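The structure appears below as structure tokens.
Residue numbers (the working numbering): 180 to 446.
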């Protein structure tokens, strides 16, 4: 697929319409993708691309979608394309298919934004770098729209959307300064793309105070909050488990904190 170069954002027609209509269209698209993938391990381009009028709103998160009966751009329902894709493959070998579909979609502005702002794992440092790099590549067309993310009444610019959805990546890999969101993302991408295991551990430790602020009900908070304990546990992770948290994503690290807390309770 040739990367988009237009200054305005274009999205597939299957992501526009009333909620029920978009859900039907996205599942159908997923099955169409699955059929082609089974034939030749590739994915078809969308039948029709539509231009998003300048300044029009795109819904990026389902919590912001309160008006199902109104036609709208529903980017978050790209998840239904993936569900339809998996169903067409009888849920067999979904992980390599997921990775292939993500790589395919990252060559488009809408796909780049979807995977950068949606909780679709794994969120390793290397995978996050690819996602954010794709967003930076399509910066200008993505700036032409406005976005609804975690509240239904706040229309966000692209910079505000990424500050709300990818702040964890910037905080962990490019701590706050005077730089713009674009510059911080560029620096974060560079650092994540070449990160060693020790680089990732340092980024994770920078994130842990933030992660702990979200943790509730920890029975051994003083222990799991100790940076020395955190470093010891991170160092002991096997390569696959470490890769899963290497991007320093808040949600993944919170899950790991709860795991450690439960393990301490069994000792």
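By construction, the Cβ of each residue, glycine as well, lies at the ideal position given by its N, Cα and C atoms. Since the model is a prediction, treat every value here as computed from it, not as a measurement.
Since residue i is in the beta strand (DSSP E), which residue starts that stretch and which ends it?
i	result
residue 251	251 to 253
residue 238	236 to 238
residue 327	325 to 327
Straight-line CA distance for residue i to residue j?
i	j	result
residue 257	residue 190	11 Å
residue 404	residue 379	18 Å
residue 430	residue 346	12 Å
residue 182	residue 291	Since pLDDT at residue 182 reaches only 45, below the 50 mark, its modelled position is unreliable, and no value is offered.
residue 206	residue 260	5 Å
residue 388	residue 411	17 Å
residue 441	residue 393	17 Å
residue 444	residue 210	45 Å
residue 428	residue 348	7 Å
residue 301	residue 278	10 Å
residue 323	residue 356	26 Å
For residue i, name the three-state secondary structure that DSSP assigns.
i	result
residue 428	coil
residue 406	helix
residue 286	coil
residue 271	coil
residue 356	coil
residue 298	coil
residue 223	coil
Can you tell me which residues form a DSSP beta bridge with residue i?
i	result
residue 191	228
residue 196	251
In terms of residue numbering, what span does the alpha helix (DSSP H) encompassing residue i cover?
i	result
residue 343	337 to 344
residue 263	257 to 267
residue 321	318 to 322
residue 393	376 to 393
At the 9 Å Cβ level, is residue i part of the contact set with chain C, yes or no?
i	result
residue 359	Going by chain labels, chain C is absent from the structure shown, which holds only one protein chain.
Stretch-stretch touch, CB-based, cutoff 8 Å, three pairs: the segment 208 to 228 with the segment 351 to 363: The segment 208 to 228 is not in contact with the segment 351 to 363.
Stretch-stretch touch, CB-based, cutoff 8 Å, three pairs: the segment 303 to 312 with the segment 268 to 275: Of all C-beta pairs linking the segment 303 to 312 to the segment 268 to 275, fewer than three are shorter than 8 Å, placing the two stretches out of contact.
Any 3 or more C-beta pairs closer than 8 Å across the segment 243 to 250 and the segment 327 to 343: Contact between the segment 243 to 250 and the segment 327 to 343 is present: 3 or more CB-CB pairs across the two stretches fall below 8 Å.
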